[in-house]
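Participant:
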Amino acid sequence: MSLQWLNEMRVPHSYKNGLTALIVALSLFGCKKDETPEVTSVPIKPVKTLVVSQRQHQVRHFTGIIEANKTIDMNFRIQGELTDLPIKSGKKVEKGQLLAQLDNSQQLINKKSRNATLKQAKAEYERAQTLINKNAISQANLDALESQYISAQAAFEQSVKDVEYTSLLAPFSGVVSHRFIDNFSKVTSSTKILTLQDVEQYKITITVPQSQFVQIQTADAVKLSAEIEGFSQPFPLKVDELSVSQQSSQQIHVTLVMQPPSQRRLFTGTSVKVKAEAFGVSHSMLLPSHSVLSDGNGHYVFVVHPSTHLLEKRTVRVDGVSEQGINIVDGLSDGERVVVAGVSQVHDGQQVRVETK
Numbered sequence: 001m002s003l004q005w006l007n008e009m010r011v012p013h014s015y016k017n018g019l020t021a022l023i024v025a026l027s028l029f030g031c032k033k034d035e036t037p038e039v040t041s042v043p044i045k046p047v048k049t050l051v052v053s054q055r056q057h058q059v060r061h062f063t064g065i066i067e068a069n070k071t072i073d074m075n076f077r078i079q080g081e082l083t084d085l086p087i088k089s090g091k092k093v094e095k096g097q098l099l100a101q102l103d104n105s106q107q108l109i110n111k112k113s114r115n116a117t118l119k120q121a122k123a124e125y126e127r128a129q130t131l132i133n134k135n136a137i138s139q140a141n142l143d144a145l146e147s148q149y150i151s152a153q154a155a156f157e158q159s160v161k162d163v164e165y166t167s168l169l170a171p172f173s174g175v176v177s178h179r180f181i182d183n184f185s186k187v188t189s190s191t192k193i194l195t196l197q198d199v200e201q202y203k204i205t206i207t208v209p210q211s212q213f214v215q216i217q218t219a220d221a222v223k224l225s226a227e228i229e230g231f232s233q234p235f236p237l238k239v240d241e242l243s244v245s246q247q248s249s250q251q252i253h254v255t256l257v258m259q260p261p262s263q264r265r266l267f268t269g270t271s272v273k274v275k276a277e278a279f280g281v282s283h284s285m286l287l288p289s290h291s292v293l294s295d296g297n298g299h300y301v302f303v304v305h306p307s308t309h310l311l312e313k314r315t316v317r318v319d320g321v322s323e324q325g326i327n328i329v330d331g332l333s334d335g336e337r338v339v340v341a342g343v344s345q346v347h348d349g350q351q352v353r354v355e356t357k
């Protein structure tokens, strides 16, 4: 900066010296750069976490097949020719409803004849009972007439059954799933006429590994449901029967029952997904296996402080590893948040940001 203008001004010499010093100082101050050190911010690492809980909710899925509650192949006890076959496949029937009818003309003739024989034998026997009191007939003759009466009675009862055997009636309400024969066909006692299914409720059988069955069985509460394609809502299930597999003692066959849907009919043989939810309180906590590390001091995890979001390296005690993860039996409290991804890339005391998704 030029000071020529200062020399041209009419000011005392002592003032000139002071002003010169002041101007030089201001010039130096204006040229001086800001030497305050820059503060470098450390980026906060986002982490995926899991809130541990002793309140367990385990979910298992199994595949099963829908079966009728009861299935029976219907056939006649006697041979004959069909004269009526009114029911078609897929039709609902009520208990006692006629499913098929054989020609019963000969059976009706036999019934009428044996009924007449029975009436005659009964009359002769009753007459003989009157005569025996008058000593007009021997005891042997009375016994013979009694035997004839009993035989006639048995023959008549059999003729009644023979007539009944010509009619095939539904033993329970259900659906005719298949019809094997046409009307006016000749059949024997071994000829299958149709298959009747009880669909008042359905059965579903699933196979459960014994280890998973024990976990489900020991839960405080279990919710079973069936997810069926084409239906928006699952169907509640109940356990009906348990049995050990003949192929392996490590497999448990579980038979479940469900009520039929009101919207439309289900078909047997349909595949279904069974969902088993087990609820309870456990003494251990389950963590993904990759979230637990180990060093010379044992196993450890990183716990996120709820307010500061600083990580704490926490030693834990492990008791068993399964397909679902690692069981932690000591070192964690219910509700604490543990890092479950990128664990090897974080450290004790590091500040993190918890990912919400």
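Be aware that the sequence shown starts at 1, since it is given in full-length UniProt numbering, and climbs by one per residue.
The beta-carbon is built from N, C-alpha and C at its ideal position, and this holds for glycine as well.
1. Once DSSP output is grouped into helix, strand and coil, what is the label at TYR300?
2. Under a Cβ-count criterion, where at least 16 other Cβ atoms within 10 Å of its own Cβ denotes burial, should SER147 be classed as buried or exposed?
3. Using a 10 Å radius around the Cβ and a threshold of 16 neighbouring Cβ atoms, would you call MET1 buried or exposed?
4. Would you say the beta carbon of THR117 comes nearer than 8 Å to a heavy atom of the ligand ATP?
5. Taking only the alpha-carbon atoms, compute the straight-line gap between ALA219 and TYR165 and give it to the nearest angstrom.
6. Can you tell which of SER262, GLN107, GLY342 and PHE184 has its C-alpha closest to the C-alpha of ILE201?
7. Just curious, the alpha helix (DSSP H) that LEU145 is in, first and last residue?
8. Please report the straight-line C-alpha distance between ARG77 and SER189, rounded to a whole angstrom.
9. Terminal residues of the continuous alpha helix (DSSP H) containing LYS238?
10. Considering just the uninterrupted stretch of the beta strand (DSSP E) at GLN56, what are its terminal residues?
11. Per DSSP, what kind of secondary structure is THR315 in: helix, strand or coil?
12. Just to confirm before moving on: does the CB-CB distance between LEU293 and VAL304 stay below 9 Å?
13. Reducing DSSP to helix, strand and coil, say where VAL47 ends up.
14. According to DSSP, is VAL24 helix, strand or coil?
15. For GLY96, count neighbouring C-beta atoms within 10 Å of its own C-beta (all shown protein chains included) and say buried if the count is 16 or more, exposed if not.
16. Quick check on the DSSP output: what are the complete beta strand (DSSP E) runs of length 3 or more inside the region 171-257, in order along the chain?
17. So, for VAL257: in the same chain, excluding its five sequence neighbours on each side, which residues have a beta-carbon less than 6 Å away from its beta-carbon?
18. Where do the N-terminal and C-terminal ends of the alpha helix (DSSP H) with ALA128 fall, by residue?
19. Do HIS178 and THR207 have their CB atoms nearer than 9 Å?
20. Could you tell me which of LYS192, ALA123 and ASN115 sits nearest to ALA154, measuring between CA atoms?
21. Would you tell me roughly how many angstroms separate the C-alpha atoms of ARG60 and LEU102, rounded to the nearest one?
22. With a cut-off of 8 Å, do at least 3 Cβ pairs link the region 66-85 to the region 347-355?
23. Give the secondary structure of VAL343 by DSSP, where H, G and I count as helix, E and B as strand, and everything else as coil.
24. Closest to GLN226 by CA distance: which of LEU82, VAL47 and ALA276 is it?
25. Go ahead and label LYS192 buried or exposed: buried means 16 or more other beta carbons lie within 10 angstroms of its beta carbon, across all protein chains shown.
26. Is the beta carbon of LYS223 sitting closer than 9 Å to the one on THR63?
27. Report the three-state DSSP secondary structure of SER89 (helix, strand or coil).
28. Sort GLN259, ARG317 and THR268 by Cα distance to MET285 and report the nearest one.
29. So, using beta-carbon positions, are VAL321 and SER289 closer together than 9 Å?
30. Taking the straight line between their C-alpha atoms, what separation do you get for ILE326 and GLN197?
Facilitator: Answer, in terms of the structure:
1. The DSSP-derived three-state label of TYR300 is strand.
2. Exposed: under 16 other Cβ atoms inside 10 Å.
3. Low per-residue confidence applies at MET1: pLDDT is 49, beneath 50, and the placement is therefore not dependable, though the value from the model is reported in the following sentence. When all chains shown are included, MET1 counts as exposed.
4. Absence of the ligand ATP from the depicted structure is noted, as is the absence of any ligand whatsoever, leaving it without description.
5. The straight-line gap from Cα to Cα measures roughly 53 Å.
6. Before going further, note that residue 201 is Gln rather than Ile in the sequence given. Cα-wise, what sits closest to GLN201 is SER262.
7. 139-164 is the span of the alpha helix (DSSP H), which, as asked, contains LEU145.
8. Our two residues, ARG77 and SER189, have alpha carbons roughly 5 Å apart in a direct line.
9. No alpha helix (DSSP H) contains LYS238, which is instead part of the beta strand (DSSP E) from 238-244.
10. Annotation for GLN56: the continuous beta strand (DSSP E) segment containing it runs 55-74.
11. It is a strand residue.
12. Their beta carbons are not under 9 Å apart, which means LEU293 does not touch VAL304 by this criterion.
13. Reduced to three states, the DSSP call for VAL47 is strand.
14. Only weak support exists for where VAL24 lies, its pLDDT of 49 falling under 50; the value from the coordinates is given anyway. Correct three-state label for VAL24: helix.
15. Taking all protein chains in view, the Cβ of GLY96 is surrounded by fewer than 16 other Cβ atoms within 10 Å, so the residue is classified as exposed.
16. Fully enclosed beta strand (DSSP E) runs of 3 or longer: 174-179, 194-209, 221-227 and 238-244.
17. Once the five neighbours on either side are set aside, the close Cβ partners of VAL257 are GLN201, LYS203, LYS238 and ASP240.
18. Segment 105-132, the alpha helix (DSSP H) holding ALA128.
19. Not closer than 9 Å, so no.
20. Comparing Cα positions, the closest option is ASN115.
21. Going from the Cα of ARG60 to the Cα of LEU102 covers about 52 Å.
22. Not touching, per the Cβ criterion.
23. Looking at VAL343 - three-state DSSP - the assignment turns out to be helix.
24. For the sequence presented, residue 226 should be read as Ala rather than Gln. Measuring C-alpha to C-alpha distances from ALA226 to each of LEU82, VAL47 and ALA276 identifies ALA276 as the nearest.
25. It is exposed - the Cβ of LYS192 has fewer than 16 other Cβ atoms within 10 Å.
26. With contacts defined by Cβ atoms closer than 9 Å, LYS223 and THR63 do not form a contacting pair.
27. The answer is coil: DSSP assigns SER89 none of H, G, I, E or B.
28. Closest in C-alpha terms to MET285, from the list GLN259, ARG317 and THR268, comes ARG317.
29. For the pair VAL321 and SER289, the CB atoms are nearer than the 9 Å cut-off.
30. About 47 Å.
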